[in-house]
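Heads up: the structure comes next, in structure tokens.
Residue numbers (this note's numbering), protein chains in the order written: chain L, -19 to 247; chain Z, 146 to 739.
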């Protein structure tokens, strides 16, 4: 039987595509996941914990290791081994942490000789580290041969991109909820005030300070955290499992939206 | 006009109207309303990302075809008009026929893509609309202009012949200008997503829309896509010719489609040779716009994508050269050049191996310790940019040499200066290769920022050699003595499978590059401005992407075969509707009318 040309060509094309597909599936499979947001504001974090968080940011969201190596000379950026000690002597009058913070926020202010001015501001998109993440990253860099003494207050209040959530779209996000009604819920029915601090409104110490929660967390995170706190993780330094998982049942849909609308005003 | 033709016209017009109706529906008022809607909706079963991915890739494939083919179709028509040789006019009409058949499918896929954006990514669409609304109107008007000029071009072929041929050729040129303008506008949207400019930190337009259009990657993508469309159009038209060749029932028909396949592949090859240079430019602009993006692309999670790309481009190089070598078998007098084929094959094979060498390897800790790192102690040297640039430039030179030998296979120059001319040509090859190798080796001893600049010298040497060799070749073989006409139609059937291989490989490569272009934005809809917060914000691994690319490519070819089959149906009912159909002959002799 004579096989039609169309069938032969189709089979041939399938074999070609199959070969490419097989090869692409046989090499290392690496996904690129969106980085998680780290929030340490108001948290009681030890220097060791801070360094650990900072190291993770160095390797993941900060994308630092694409150019910087530790203990190996890079062609694009300096070796960071010992930078914690070296930073104190880079610029007269600057402490190690001041130099490191400046290097992250204004990387063109001082260039190490022999390297091109290619480093981006890490608090701006697309890297967009928030204040907590900058704090942790500076602590990690200090730990490379120096003393970890950076505090959250050392990081300028203006630093840090509005955290994720859609960049521009997140900044413009408006919910149909009523923030005033939400504030009443916060200090009333929802009893949030017993655990959380919000400047001039509440002073709870069991959970994290929420004074700038809308700046450091995405709307998606806030909405999900209210409904399912366990699934969204616990801020380091705070006890796990304390936040009730019952707000979904306790609040009406309107109350829930009002509460979230209030939380989104906390910047 | 036949009833079949009328039905086709109505169909095309309906598709265009539907596309524009959908397009205008998505304009500002509607888009602003959408801001209040949820950011995302889920497409049933497969999810929104896969739906958009598949339709966008299909739309892009068809759009590339209908924008690429007319460029060389009109050039071929001009050659036919200039020389008075009717076979070129037949070939140009044959190419435009393919485009015409694919026109409405492209428009329908465009409309479907728009539906998906408006319906499933409403906030993203509203954001883009706020910036680019002005361009929507221009795009729609250009689409009208493109549609009607192509209709006139196709249907007016006989009407605007003879003394009015200049008008017909002008229509072809004008429709190409409209097509290129459409391409540039669509490119402004997607390049803005990669390298946004002209907006404030909050995402509002700062000045005019031109600020957003004229972003860092816009012109490099314009040029890259324009060239790639030619390659793509050439390979698909070549596949069509191969299909018709293998189905041909007469020698005459086989000769015609052999010739069509050769011309289509010649177009694809000519454009393909300069495509890597446009790619370098695009890569450089990406680095200049944002180092992080550039490094993510070449050295981050996407680094292995370039190994797959190297293999695909290696296949294209091998395929093109093999097709030319097979083609020489039907050229009397080519025997004297066949002895060079093993050497050229060796250079291609070595170049391919270097180009496909990964920079760093995913290894176990024990293997890494044994090697002293993730770079192989010997092979790692070949995985860097210096080696790869050298390899690809030598492969381009070799492919060009194949073409030069093919071109002169049945010609004996009668010029008195032929020996000098040939010596200069060979010297140009040797000097270009020496420059390429020199800068390739020197690149290992300088900083990366200096090394990147070396690729310009390498590219310049290769392009310079190509221009010099052709400048000598054309006059040297004008009026040459022929060793016999090309025996069109007598090429081995496996050559036609090579044309299919090239079409499938390039289509797959386009899918891969589409994934690369989109994937380097990672979890951003608009890089650094608008984050992807959907459930699909993860950029998938290459295996997943390749499965998707293969599926889309299969669907694309299924569509293409169906459309070409439809085109064949109408042909059966209109035998002789378009004259003159001629069998080509070789080496400058006139083609007899059938």
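Glycine included, every Cβ here is placed at the ideal spot set by N, Cα and C.
The model shown is predicted, which means the values in this text are computed figures rather than measured ones.
In chain order, 348, 670, 671 and 675 place their CB closer than 8 Å to the CB of residue 272(Z), counting only its own chain and leaving out the 5 sequence neighbours on each side. Interface criterion met: the Cβ of residue 667(Z) is under 8 Å from a Cβ in chain L.
The beta-bridge partner set that DSSP reports for residue 442(Z) is empty. Listed in chain order, the positions of the segment 667 to 693 of chain Z with a beta carbon within less than 9 Å of a beta carbon of chain L are 667, 668, 669, 670, 671, 672, 673, 674, 675, 676, 677, 678, 682, 683, 684, 685, 686, 687, 688, 689, 690, 691 and 692.
Per the coordinates, the alpha-carbon of residue 344(Z) lies some 32 Å from the alpha-carbon of residue 213(Z). Around the C-beta of residue 535(Z), 16 or more other C-beta atoms lie within 10 Å, and the residue is accordingly described as buried.
Here DSSP, grouped into helix, strand and coil, assigns residue 306(Z) to coil. The DSSP-derived three-state label of residue 176(L) is coil. Rounded to the nearest angstrom, the gap between the Cα atoms of residue 175(L) and residue 258(Z) is 48 Å. Separation of residue 400(Z) and residue 564(Z) (C-alpha to C-alpha, rounded to the nearest whole angstrom) is 34 Å. A Cβ-Cβ distance of about 5 Å is found for the pair residue 227(L) and residue 206(L), placing them in contact under the 8 Å criterion. Using a CB distance cut-off of 8 Å, residue 12(L) counts as an interface residue toward chain Z. A distance of 8 Å or more separates the beta carbons of residue 117(L) and residue 103(L).
The DSSP-derived three-state label of residue 369(Z) is helix. With fewer than 16 other Cβ atoms inside 10 Å of its own Cβ, residue 221(L) counts as exposed.
Non-local beta-carbon contacts of residue 538(Z) in its own chain, meaning distances under 6 Å to residues more than five positions away in sequence, involve 581, 603 and 607 in chain order. A Cβ-Cβ distance of about 10 Å is found for the pair residue 241(Z) and residue 211(Z), leaving them out of contact under the 8 Å criterion. Under the DSSP assignment, residue 671(Z) falls in the beta strand (DSSP E) whose first and last residues are 669 to 671. Against chain L, the CB of residue 436(Z) has a partner CB under 8 Å away; the residue lies at that interface. Judged by beta-carbon spacing, residue 656(Z) lies within the 8 Å limit of residue 694(Z), meaning their Cβ atoms are closer than that value. Within the segment 171 to 256 of chain Z, the alpha helix (DSSP H) runs of at least 4 residues that lie entirely inside it are, in chain order, 173 to 179 and 193 to 228. Below 8 Å, too few C-beta pairs join the segment 632 to 649 of chain Z and the segment 678 to 688 of chain Z to call them touching: fewer than three. In the DSSP annotation of this structure, the continuous segment of the alpha helix (DSSP H) that includes residue 279(Z) starts and ends at 267 to 300. At a cut-off of 8 Å between beta carbons, residue 206(L) makes no contact with chain Z. As DSSP reads the structure, residue 706(Z) sits in no beta bridge.
The closest CA to that of residue 161(L), considering only 232(L), -1(L) and 41(L), is found on 232(L). Bounds of the alpha helix (DSSP H) holding residue -12(L) are -15 to 6. 120(L) is the residue among 172(L), 179(L), 47(L) and 120(L) whose C-alpha sits nearest the C-alpha of residue 37(L). Close to chain Z, meaning a Cβ-Cβ distance shorter than 8 Å, are the following residues of the segment 18 to 44 of chain L: 43.
Annotation: residue 77(L) to residue 129(L) spans about 8 Å, alpha carbon to alpha carbon. Where residue 465(Z) is concerned, the enclosing alpha helix (DSSP H) starts and stops at 450 to 473. Among the bridge pairs identified by DSSP, residue 556(Z) is matched with 627(Z).
The beta carbons of residue 194(L) and residue 245(L) sit closer together than 8 Å.
Put simply, the CB of residue 136(L) is far from chain Z, with every gap to its CB atoms at 8 Å or more.
In the same chain as residue 569(Z), and ignoring 5 residues on each side of it, the C-beta atoms closer than 7 Å to its own belong to 617, in chain order. For residue 200(L), at least one C-beta of chain Z is nearer than 8 Å to its own C-beta.
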